[in-house]
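Under mature numbering (1 follows the signal peptide of the UniProt record, and there is no 0), residues -21 to -1, 1 to 429 are what the sequence shown spells out, in order.
The beta-carbon is built from N, C-alpha and C at its ideal position, and this holds for glycine as well.
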Amino acid sequence: MKKSILILLFASILFACQANDDIPVTYEEGTNEYVNDWIYTQMKRYYYWNERMPGKGNLSFPPKEYFESLVNKNDRFSYAIHTSSAETFPQSLQNSFGFDLSFIEHEGQVYGVVMYVLSNSPAERNGLERGQLITAIGGTALSQRNYNNLYQNLLATKDVTLQVVSYSEKSEFTAPKQITISQGFTFLQPVLSQVIHYQNHKVGYIEIPHFNVGLSQSLLNAFQEFKNQSINEVVVDLRYNGGGDVSSATALSILLAPNIQSANQFIRFKGNSNGGEVNQTFKESLEMNESKVSFEALRAAHPQIQRVYILCGKHTASASEIIINNLKPFMEVITIGEKTLGKDVANFPIEDDRIVGAQARWVLYPAIYKLFNANGEGNYATGIQPTIMLEEFQVLEIFPLGNTNEILLKRALGSISGNGRSMNSKTIQTLQKQQSNVVSEPLIIKKIGY
């Protein structure tokens, strides 16, 4: 009898404990615990590497720090922002001032090379141009010892003063001048295109700085002009394109690829066990974020080409890498430049919308899907090796993008003509630029698979 009572008592205690375990823990709104509990739940559901995540751990940490503790050590691209906190956003000179730098050494002197300047940006409005050489930042001359620290300081400042010179083989160095730039907005960038007549070839050249949502119409306009002028080769300049909208990248692929149908598979999204795999045709991928330009309209502007030349480099990422990888099952893709960044993951924003009407909130951008082409080829997390390896900065004179003397375009034209066009002897050394966080554009897709 006494034994039976003990068994019943133990069973009732065990049941009570299990019942308590099933009661969800609630946290006070506005606390770190309230936010971090939500972060953990979302990451467990959506994150590609969710099975490698640690347990919940200490929920009292600052949310950004807590989010980073959940991210796989090899994941360079997942991040979280708070919409009212600028310091949580990825930092880059492009976002702040509208330009970016590389660093070189020539005859013992370190220079910052202006790689690109965005149209109508604070940098352009204050006179900065591609190819200018920066000799001092904030009054401090560049050297081997300090250039990385000065670059990091640039990322954290709201105003910057640069000492710049220009160089050409004909005139050599100009006198130094000071350029001061303040942070400001840079709006959508134009697509630049032209037809280059080179020997017996008509080459359509198009430079795309970013795959904005709704870019399809601009791409269509450019390719209609290419077709009107009967071009027989295309060079796509994606060297500084960090990604953007998958639908816009799909539109470019539809314009380029020969002999495709709307129902041909274009892309595969592979998620965790919750998201599974999602295959999309050209038409489906286009229509994910595009409603005004049809597959048929894009195909009507397809020029008669069987191959494409793509200029690429360390800043080529995300949607730009989709162009390279996902066109390969359909046409010859010849890449010229340096290895790409290696962003083979996609995400969609996950917003904390629990507080109705709240303007400020946390937004997560975790890696949700791995990306593959129609043949199942992908896994380029370390970057895509170019067909023709060529460093962009080899001599001090840097030409504008689209100039036929510019080194990558010059090499593409040489390959098209069959003579390879010999390159200038390298006279500079490229220096490594340290950056704590890899900055690339989120790959924009709509919520799929969940």
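Sequence-distant residues of its chain with Cβ nearer than 6 angstroms to residue i (five each side left out)
{"i": "Asn352", "result": "Asn304, Asn305, Pro308"}
{"i": "Phe190", "result": "Gly223, Asp224, Ser227, Ala228, Ala298"}
{"i": "Ala242", "result": "Thr260"}
{"i": "Val192", "result": "Asp224, Asn268"}
{"i": "Lys318", "result": "Gly362, Gln364"}
Which of helix, strand or coil DSSP assigns to residue i
{"i": "Asp16", "result": "helix"}
{"i": "Asn211", "result": "coil"}
{"i": "Gly357", "result": "strand"}
{"i": "Ile246", "result": "strand"}
{"i": "Phe274", "result": "helix"}
{"i": "Thr67", "result": "helix"}
{"i": "Ile315", "result": "strand"}
{"i": "Ser81", "result": "strand"}
{"i": "Gly36", "result": "coil"}
{"i": "Met267", "result": "coil"}
{"i": "Gln168", "result": "coil"}
{"i": "Ala154", "result": "coil"}
{"i": "Val93", "result": "strand"}
{"i": "Tyr130", "result": "helix"}
{"i": "residue 446", "result": "Residue 446 falls outside the range modelled here, since the chain spans only -21 to 429, and no answer is possible."}
{"i": "residue 454", "result": "There is simply no residue 454 to check, as the chain begins at -21 and stops at 429 in what is shown."}
{"i": "Phe205", "result": "helix"}
C-alpha distance - residue i paired with residue j, whole-angstrom precision
{"i": "Leu134", "j": "Thr119", "result": "16 angstroms"}
{"i": "Phe245", "j": "Asn258", "result": "8 angstroms"}
{"i": "Val312", "j": "Thr165", "result": "32 angstroms"}
{"i": "Thr409", "j": "Thr260", "result": "41 angstroms"}
{"i": "Glu275", "j": "Ser232", "result": "13 angstroms"}
{"i": "Leu422", "j": "Ala59", "result": "15 angstroms"}
{"i": "Val93", "j": "Pro101", "result": "14 angstroms"}
{"i": "Asp(-1)", "j": "Leu343", "result": "Confidence in Asp(-1) is poor, its pLDDT being 46 and thus under 50, which makes the residue's placement unreliable; the coordinate value appears in the next sentence. Each residue's alpha carbon lies about 28 angstroms from the other."}
{"i": "Gly428", "j": "Tyr25", "result": "10 angstroms"}
{"i": "Thr67", "j": "Glu420", "result": "15 angstroms"}
{"i": "Ile113", "j": "Asn127", "result": "14 angstroms"}
{"i": "Pro169", "j": "Ile334", "result": "38 angstroms"}
{"i": "Gly292", "j": "Gly381", "result": "16 angstroms"}
{"i": "Ile363", "j": "Glu376", "result": "27 angstroms"}
{"i": "Ile301", "j": "Gly34", "result": "34 angstroms"}
{"i": "Asp16", "j": "Asp54", "result": "21 angstroms"}
{"i": "Leu129", "j": "Gln413", "result": "11 angstroms"}
{"i": "Leu49", "j": "Phe56", "result": "13 angstroms"}
{"i": "Ile187", "j": "Glu8", "result": "44 angstroms"}
{"i": "Val89", "j": "Ile116", "result": "12 angstroms"}
{"i": "Pro155", "j": "Glu266", "result": "50 angstroms"}
{"i": "Thr366", "j": "Asn74", "result": "31 angstroms"}
{"i": "Gly393", "j": "Arg218", "result": "18 angstroms"}
{"i": "Asn99", "j": "Arg31", "result": "44 angstroms"}
{"i": "Lys389", "j": "Trp28", "result": "42 angstroms"}
Cβ neighbours of residue i in the same chain (closer than 7 angstroms, five flanking residues each side left out)
{"i": "Lys206", "result": "Ala280, Pro282"}
{"i": "Lys426", "result": "Phe327"}
{"i": "Glu12", "result": "Tyr6, Leu38, Ser39"}
{"i": "Ile407", "result": "Ile83, Glu84, His85, Phe372, Gln373, Val374, Leu375"}
Any non-hydrogen atom of the ligand ATP closer than 7 angstroms to residue i Cβ
{"i": "Glu385", "result": "The ligand ATP is not part of the structure shown, which contains no ligands of any sort."}
Cβ separation of residue i and residue j, assumed to be a contact under 8 angstroms, to the nearest whole Å
{"i": "Ile83", "j": "Tyr45", "result": "Not really, about 40 angstroms apart at Cβ, beyond 8 angstroms."}
{"i": "Lys271", "j": "Gln196", "result": "7 angstroms"}
{"i": "Leu277", "j": "Ala230", "result": "6 angstroms"}
{"i": "Leu387", "j": "Ile315", "result": "5 angstroms"}
{"i": "Tyr348", "j": "Gly321", "result": "No, Tyr348 and Gly321 are not in contact; Cβ-Cβ is about 15 angstroms, not under 8 angstroms."}
{"i": "Leu198", "j": "Leu234", "result": "6 angstroms"}
Closer than 8 angstroms to chain C by CB, residue i
{"i": "Leu369", "result": "Any reference to chain C falls outside this structure, which holds one protein chain only."}
Own chain residues within Cβ distance below 8 angstroms of residue i, not counting five before or after
{"i": "Leu97", "result": "Gln73, Gly77, Phe78, Glu103, Thr165, Gln168, Pro188"}
State whether the stretch 326 to 333 contacts the stretch 249 to 265, with contact taken as three or more CB pairs (one from each stretch) at a distance under 8 angstroms. Counting C-beta pairs with one atom in each stretch, the stretch 326 to 333 and the stretch 249 to 265 have fewer than three that are closer than 8 angstroms, which means they do not touch.
Contact between the stretch 335 to 342 and the stretch 369 to 384: three or more CB pairs below 8 angstroms? These segments do not touch.
Inter-stretch contact at 8 angstroms, needing at least 3 Cβ pairs: the stretch 127 to 141 / the stretch 157 to 177: Counting Cβ pairs under 8 angstroms, three or more are found: they touch.
Three or more C-beta pairs below 8 angstroms linking the stretch 210 to 219 and the stretch 171 to 183: Touching, per the Cβ criterion.
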